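Written below as C-alpha coordinates is the structure these notes are about.
Numbering (my numbering), first residue to last: 103 to 406.
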(Lines of atoms letter the chains of each structure in order from A and count residues from 1; the text may use other names and numbers.)
(Lines give C-alpha, C1' and ligand atoms only; values in the text may rest on other atoms or scores of the structure.)
Protein backbone atom coordinates (compact mmCIF):
# COMPACT_ATOMS: atom_id res chain seq x y z
CA UNK A 1 0.00 0.00 0.00
CA UNK A 2 1.47 3.38 -1.05
CA UNK A 3 1.99 6.18 1.45
CA UNK A 4 -0.24 9.27 1.45
CA UNK A 5 1.07 12.00 -0.88
CA UNK A 6 -0.16 15.37 0.42
CA UNK A 7 1.62 17.29 -2.33
CA UNK A 8 -0.20 15.34 -5.05
CA UNK A 9 -3.56 15.86 -3.38
CA UNK A 10 -2.93 19.58 -2.99
CA UNK A 11 -1.83 19.99 -6.60
CA UNK A 12 -4.96 18.23 -7.83
CA UNK A 13 -7.30 20.28 -5.65
CA UNK A 14 -5.78 23.60 -6.72
CA UNK A 15 -6.09 22.58 -10.37
CA UNK A 16 -9.67 21.42 -9.82
CA UNK A 17 -10.58 24.80 -8.35
CA UNK A 18 -9.04 26.52 -11.38
CA UNK A 19 -10.88 24.31 -13.87
CA UNK A 20 -14.26 24.67 -12.17
CA UNK A 21 -13.93 28.45 -11.95
CA UNK A 22 -13.04 28.72 -15.65
CA UNK A 23 -16.00 26.55 -16.63
CA UNK A 24 -18.43 28.56 -14.50
CA UNK A 25 -17.15 31.88 -15.82
CA UNK A 26 -17.57 30.61 -19.36
CA UNK A 27 -21.15 29.51 -18.66
CA UNK A 28 -22.08 32.80 -16.98
CA UNK A 29 -20.46 34.80 -19.77
CA UNK A 30 -19.97 38.09 -17.93
CA UNK A 31 -19.09 37.84 -14.24
CA UNK A 32 -15.65 36.86 -12.98
CA UNK A 33 -14.44 35.33 -9.73
CA UNK A 34 -12.80 37.57 -7.17
CA UNK A 35 -9.99 35.79 -5.29
CA UNK A 36 -9.25 36.13 -1.61
CA UNK A 37 -6.14 34.55 -0.08
CA UNK A 38 -6.24 33.97 3.66
CA UNK A 39 -4.30 32.39 6.52
CA UNK A 40 -5.33 31.19 9.96
CA UNK A 41 -3.37 31.68 13.17
CA UNK A 42 -3.63 27.99 14.09
CA UNK A 43 -1.99 26.92 10.82
CA UNK A 44 -2.65 26.88 7.09
CA UNK A 45 -4.96 28.93 4.94
CA UNK A 46 -6.80 28.93 1.69
CA UNK A 47 -7.89 30.50 -1.58
CA UNK A 48 -11.53 31.60 -1.67
CA UNK A 49 -13.16 32.67 -4.91
CA UNK A 50 -16.60 34.25 -5.19
CA UNK A 51 -18.51 35.27 -8.31
CA UNK A 52 -21.41 37.63 -7.64
CA UNK A 53 -24.28 39.20 -9.57
CA UNK A 54 -23.74 37.41 -12.84
CA UNK A 55 -26.56 37.17 -15.40
CA UNK A 56 -26.72 33.39 -14.93
CA UNK A 57 -25.01 32.81 -11.58
CA UNK A 58 -26.32 35.05 -8.83
CA UNK A 59 -23.59 33.78 -6.53
CA UNK A 60 -20.93 31.10 -6.89
CA UNK A 61 -18.37 30.28 -4.23
CA UNK A 62 -15.46 27.92 -4.95
CA UNK A 63 -12.98 27.58 -2.10
CA UNK A 64 -9.72 25.73 -1.57
CA UNK A 65 -8.30 25.26 1.91
CA UNK A 66 -5.33 23.51 3.48
CA UNK A 67 -5.49 23.84 7.24
CA UNK A 68 -3.78 22.05 10.10
CA UNK A 69 -3.64 22.01 13.83
CA UNK A 70 -2.44 20.23 16.93
CA UNK A 71 -5.78 18.96 18.19
CA UNK A 72 -8.96 17.90 16.43
CA UNK A 73 -12.19 19.81 17.15
CA UNK A 74 -15.15 17.90 18.63
CA UNK A 75 -16.96 17.65 15.28
CA UNK A 76 -14.08 15.56 13.89
CA UNK A 77 -13.06 13.50 16.92
CA UNK A 78 -16.54 12.58 18.19
CA UNK A 79 -16.80 9.55 15.92
CA UNK A 80 -13.04 8.82 16.01
CA UNK A 81 -12.09 9.27 19.70
CA UNK A 82 -8.74 7.57 19.15
CA UNK A 83 -7.65 10.64 17.17
CA UNK A 84 -8.35 13.14 19.95
CA UNK A 85 -5.27 15.21 20.67
CA UNK A 86 -3.49 14.19 17.46
CA UNK A 87 -2.01 16.71 15.02
CA UNK A 88 -3.95 16.85 11.77
CA UNK A 89 -4.15 18.34 8.29
CA UNK A 90 -7.20 18.81 6.06
CA UNK A 91 -7.28 19.80 2.39
CA UNK A 92 -10.33 20.33 0.25
CA UNK A 93 -12.26 22.12 -2.43
CA UNK A 94 -15.84 23.06 -1.59
CA UNK A 95 -18.31 24.92 -3.77
CA UNK A 96 -21.92 26.04 -3.87
CA UNK A 97 -23.62 27.58 -6.91
CA UNK A 98 -26.77 29.69 -6.52
CA UNK A 99 -28.18 30.48 -10.00
CA UNK A 100 -30.42 33.44 -10.67
CA UNK A 101 -33.13 31.61 -12.65
CA UNK A 102 -35.45 29.58 -10.35
CA UNK A 103 -35.59 26.80 -12.94
CA UNK A 104 -31.85 26.20 -12.57
CA UNK A 105 -31.08 24.16 -9.44
CA UNK A 106 -28.57 25.06 -6.79
CA UNK A 107 -25.66 22.64 -6.65
CA UNK A 108 -22.96 21.75 -4.15
CA UNK A 109 -19.75 19.77 -4.42
CA UNK A 110 -16.92 18.99 -2.04
CA UNK A 111 -13.81 16.82 -2.23
CA UNK A 112 -11.39 16.58 0.66
CA UNK A 113 -8.48 14.72 2.23
CA UNK A 114 -7.83 14.37 5.94
CA UNK A 115 -4.79 13.00 7.73
CA UNK A 116 -4.14 12.73 11.46
CA UNK A 117 -0.68 12.35 12.97
CA UNK A 118 0.99 12.90 9.57
CA UNK A 119 4.50 12.48 11.02
CA UNK A 120 3.66 9.26 12.86
CA UNK A 121 4.63 5.78 11.80
CA UNK A 122 1.04 4.89 10.98
CA UNK A 123 -0.92 8.04 10.09
CA UNK A 124 -4.68 7.79 9.83
CA UNK A 125 -6.04 9.26 6.61
CA UNK A 126 -9.15 9.24 4.45
CA UNK A 127 -10.89 10.90 1.54
CA UNK A 128 -14.42 12.25 1.43
CA UNK A 129 -16.75 14.32 -0.67
CA UNK A 130 -19.45 14.15 -3.30
CA UNK A 131 -21.98 16.39 -4.98
CA UNK A 132 -25.71 17.01 -4.62
CA UNK A 133 -28.46 18.91 -6.44
CA UNK A 134 -31.15 21.16 -4.97
CA UNK A 135 -33.86 22.06 -7.51
CA UNK A 136 -36.65 24.54 -6.91
CA UNK A 137 -38.71 23.10 -9.75
CA UNK A 138 -38.36 19.45 -10.64
CA UNK A 139 -37.43 18.06 -14.04
CA UNK A 140 -37.00 14.31 -14.28
CA UNK A 141 -34.51 14.44 -17.15
CA UNK A 142 -32.25 16.75 -15.12
CA UNK A 143 -32.32 14.35 -12.18
CA UNK A 144 -31.62 11.33 -14.38
CA UNK A 145 -28.66 13.07 -16.03
CA UNK A 146 -27.23 14.16 -12.66
CA UNK A 147 -27.42 10.67 -11.18
CA UNK A 148 -26.15 8.98 -14.35
CA UNK A 149 -22.98 11.07 -14.29
CA UNK A 150 -22.57 10.30 -10.58
CA UNK A 151 -22.94 6.56 -11.19
CA UNK A 152 -20.55 6.53 -14.14
CA UNK A 153 -17.91 8.43 -12.15
CA UNK A 154 -17.53 5.78 -9.44
CA UNK A 155 -18.63 2.56 -11.15
CA UNK A 156 -15.08 1.71 -12.38
CA UNK A 157 -14.03 1.37 -8.73
CA UNK A 158 -16.72 -1.10 -7.71
CA UNK A 159 -20.37 -1.73 -8.50
CA UNK A 160 -21.30 -1.27 -4.84
CA UNK A 161 -20.04 2.31 -4.49
CA UNK A 162 -22.79 4.17 -6.32
CA UNK A 163 -25.81 2.63 -4.55
CA UNK A 164 -24.07 2.94 -1.19
CA UNK A 165 -22.94 6.53 -1.71
CA UNK A 166 -26.25 7.59 -3.26
CA UNK A 167 -28.07 6.38 -0.15
CA UNK A 168 -25.48 8.06 2.07
CA UNK A 169 -26.15 11.32 0.21
CA UNK A 170 -29.91 10.95 0.62
CA UNK A 171 -29.46 10.26 4.33
CA UNK A 172 -26.91 13.00 4.96
CA UNK A 173 -28.57 15.93 3.16
CA UNK A 174 -31.72 15.59 5.19
CA UNK A 175 -33.27 18.23 7.44
CA UNK A 176 -34.16 16.13 10.45
CA UNK A 177 -36.01 18.96 12.15
CA UNK A 178 -38.35 19.20 9.16
CA UNK A 179 -38.39 15.56 8.06
CA UNK A 180 -37.46 16.72 4.57
CA UNK A 181 -34.62 16.08 2.10
CA UNK A 182 -32.62 19.13 1.02
CA UNK A 183 -32.69 18.11 -2.62
CA UNK A 184 -32.52 15.13 -4.95
CA UNK A 185 -29.14 13.87 -3.76
CA UNK A 186 -26.19 12.58 -5.74
CA UNK A 187 -23.07 11.15 -4.08
CA UNK A 188 -21.67 11.44 -0.57
CA UNK A 189 -18.81 9.52 1.02
CA UNK A 190 -16.46 9.98 3.95
CA UNK A 191 -13.71 8.12 5.82
CA UNK A 192 -12.77 6.36 2.57
CA UNK A 193 -9.40 4.60 2.33
CA UNK A 194 -10.50 1.06 1.45
CA UNK A 195 -8.63 0.89 -1.87
CA UNK A 196 -5.26 2.12 -0.61
CA UNK A 197 -3.96 5.61 -1.24
CA UNK A 198 -3.48 5.53 -5.02
CA UNK A 199 -6.88 4.08 -5.90
CA UNK A 200 -8.73 5.96 -3.18
CA UNK A 201 -7.18 9.17 -4.54
CA UNK A 202 -8.32 8.10 -8.03
CA UNK A 203 -11.89 7.85 -6.69
CA UNK A 204 -11.63 11.39 -5.33
CA UNK A 205 -10.41 12.66 -8.70
CA UNK A 206 -13.21 10.87 -10.53
CA UNK A 207 -15.81 12.52 -8.31
CA UNK A 208 -14.22 15.96 -8.54
CA UNK A 209 -13.85 15.75 -12.32
CA UNK A 210 -17.50 14.66 -12.75
CA UNK A 211 -19.05 17.76 -11.20
CA UNK A 212 -18.91 20.06 -14.23
CA UNK A 213 -20.23 17.40 -16.68
CA UNK A 214 -23.03 16.69 -14.22
CA UNK A 215 -24.09 20.29 -13.62
CA UNK A 216 -23.37 22.55 -16.57
CA UNK A 217 -25.63 20.74 -19.07
CA UNK A 218 -28.53 21.37 -16.66
CA UNK A 219 -27.60 25.05 -16.38
CA UNK A 220 -27.38 25.38 -20.16
CA UNK A 221 -30.78 23.75 -20.63
CA UNK A 222 -32.67 25.85 -18.04
CA UNK A 223 -30.91 29.23 -17.83
CA UNK A 224 -33.03 30.95 -20.50
CA UNK A 225 -36.41 29.78 -19.16
CA UNK A 226 -38.83 32.63 -18.52
CA UNK A 227 -40.08 33.11 -14.96
CA UNK A 228 -42.20 35.50 -12.93
CA UNK A 229 -42.15 36.87 -9.40
CA UNK A 230 -44.02 33.74 -8.27
CA UNK A 231 -41.14 31.45 -9.24
CA UNK A 232 -38.56 33.86 -7.85
CA UNK A 233 -40.45 34.09 -4.56
CA UNK A 234 -40.54 30.28 -4.29
CA UNK A 235 -36.82 30.07 -5.02
CA UNK A 236 -35.97 32.54 -2.26
CA UNK A 237 -38.19 30.70 0.19
CA UNK A 238 -36.68 27.32 -0.64
CA UNK A 239 -33.17 28.77 -0.28
CA UNK A 240 -34.04 29.06 3.39
CA UNK A 241 -33.87 25.28 3.64
CA UNK A 242 -30.31 25.46 2.30
CA UNK A 243 -29.39 27.93 5.02
CA UNK A 244 -30.99 25.76 7.70
CA UNK A 245 -29.07 22.66 6.66
CA UNK A 246 -25.70 24.35 6.37
CA UNK A 247 -25.97 26.02 9.76
CA UNK A 248 -27.67 23.28 11.74
CA UNK A 249 -26.47 19.95 10.31
CA UNK A 250 -23.48 20.28 7.99
CA UNK A 251 -20.36 18.64 9.42
CA UNK A 252 -18.08 20.74 7.23
CA UNK A 253 -19.53 23.98 8.60
CA UNK A 254 -19.19 22.71 12.16
CA UNK A 255 -15.62 21.51 11.59
CA UNK A 256 -14.58 24.81 10.02
CA UNK A 257 -16.00 26.96 12.79
CA UNK A 258 -14.86 24.71 15.63
CA UNK A 259 -11.33 24.44 14.22
CA UNK A 260 -10.90 28.20 14.05
CA UNK A 261 -11.40 28.45 10.31
CA UNK A 262 -12.08 31.65 8.42
CA UNK A 263 -15.74 32.50 8.91
CA UNK A 264 -16.22 34.36 5.62
CA UNK A 265 -14.90 31.40 3.64
CA UNK A 266 -16.90 28.84 5.63
CA UNK A 267 -20.16 30.74 5.17
CA UNK A 268 -19.65 31.81 1.54
CA UNK A 269 -21.93 28.86 0.64
CA UNK A 270 -24.96 30.81 1.86
CA UNK A 271 -27.26 32.35 -0.77
CA UNK A 272 -27.16 36.11 -1.40
CA UNK A 273 -30.93 36.53 -0.98
CA UNK A 274 -33.33 34.37 0.99
CA UNK A 275 -36.75 34.64 2.62
CA UNK A 276 -38.32 32.89 5.58
CA UNK A 277 -42.10 32.58 5.87
CA UNK A 278 -43.97 31.31 8.87
CA UNK A 279 -45.87 28.04 8.31
CA UNK A 280 -45.77 28.41 4.53
CA UNK A 281 -47.06 25.68 2.23
CA UNK A 282 -47.42 25.64 -1.56
CA UNK A 283 -50.87 25.52 -3.12
CA UNK A 284 -52.14 21.94 -3.57
CA UNK A 285 -51.59 20.67 -7.10
CA UNK A 286 -49.11 23.44 -7.99
CA UNK A 287 -45.67 22.96 -9.50
CA UNK A 288 -44.26 24.10 -6.19
CA UNK A 289 -46.19 21.38 -4.37
CA UNK A 290 -44.96 18.85 -6.92
CA UNK A 291 -41.39 19.51 -5.79
CA UNK A 292 -42.35 18.11 -2.38
CA UNK A 293 -44.56 15.29 -3.58
CA UNK A 294 -42.54 14.02 -6.56
CA UNK A 295 -38.93 15.08 -6.15
CA UNK A 296 -37.97 15.54 -2.51
CA UNK A 297 -38.37 11.83 -1.86
CA UNK A 298 -35.40 9.46 -2.21
CA UNK A 299 -35.83 7.28 -5.28
CA UNK A 300 -33.84 5.43 -7.93
CA UNK A 301 -33.61 8.07 -10.63
CA UNK A 302 -31.81 5.71 -12.99
CA UNK A 303 -34.86 3.46 -12.99
CA UNK A 304 -37.22 6.35 -13.74
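Backbone N, C-alpha and C fix where the C-beta goes; we use that ideal spot for every residue, glycine too. The structure displayed is predicted, hence computed values, not measured ones.
Residues that DSSP places opposite residue i in a beta bridge
i, result
"residue 212", "196, 232"
"residue 161", "154, 200"
"residue 168", "147, 193"
"residue 218", "190, 226"
"residue 282", "277"
"residue 137", "151"
"residue 290", "232"
Test item: CB-CB of residue i and residue j under 8 Å
i, j, result
"residue 194", "residue 164", "no"
"residue 201", "residue 137", "no"
"residue 185", "residue 122", "no"
"residue 149", "residue 169", "no"
"residue 289", "residue 229", "no"
"residue 125", "residue 314", "yes"
"residue 216", "residue 192", "yes"
"residue 404", "residue 237", "no"
"residue 396", "residue 285", "no"
"residue 207", "residue 334", "no"
"residue 219", "residue 188", "yes"
"residue 166", "residue 116", "yes"
"residue 266", "residue 287", "no"
"residue 364", "residue 140", "yes"
"residue 132", "residue 157", "yes"
Cα-Cα separation, residue i to residue j
i, j, result
"residue 258", "residue 383", "43 Å"
"residue 304", "residue 210", "20 Å"
"residue 235", "residue 271", "10 Å"
"residue 120", "residue 311", "12 Å"
"residue 263", "residue 251", "13 Å"
"residue 104", "residue 301", "10 Å"
"residue 114", "residue 332", "42 Å"
"residue 336", "residue 388", "12 Å"
"residue 231", "residue 293", "9 Å"
"residue 146", "residue 329", "44 Å"
"residue 355", "residue 366", "11 Å"
"residue 248", "residue 391", "22 Å"
"residue 398", "residue 226", "36 Å"
"residue 296", "residue 128", "37 Å"
"residue 325", "residue 376", "20 Å"
"residue 379", "residue 280", "14 Å"
"residue 224", "residue 317", "38 Å"
"residue 276", "residue 110", "33 Å"
"residue 162", "residue 151", "8 Å"
"residue 349", "residue 298", "33 Å"
"residue 243", "residue 174", "42 Å"
"residue 291", "residue 144", "27 Å"
"residue 112", "residue 307", "12 Å"
"residue 253", "residue 278", "26 Å"
"residue 153", "residue 322", "18 Å"
"residue 274", "residue 327", "31 Å"
"residue 246", "residue 402", "9 Å"
With 16 other Cβ atoms within 10 Å as the buried cut-off, status of residue i
i, result
"residue 283", "buried"
"residue 130", "buried"
"residue 385", "exposed"
"residue 118", "buried"
"residue 358", "buried"
"residue 134", "exposed"
"residue 361", "buried"
"residue 352", "buried"
Meets three-Cβ-pair contact criterion under 8 Å: the segment 339 to 350 and the segment 359 to 379: yes
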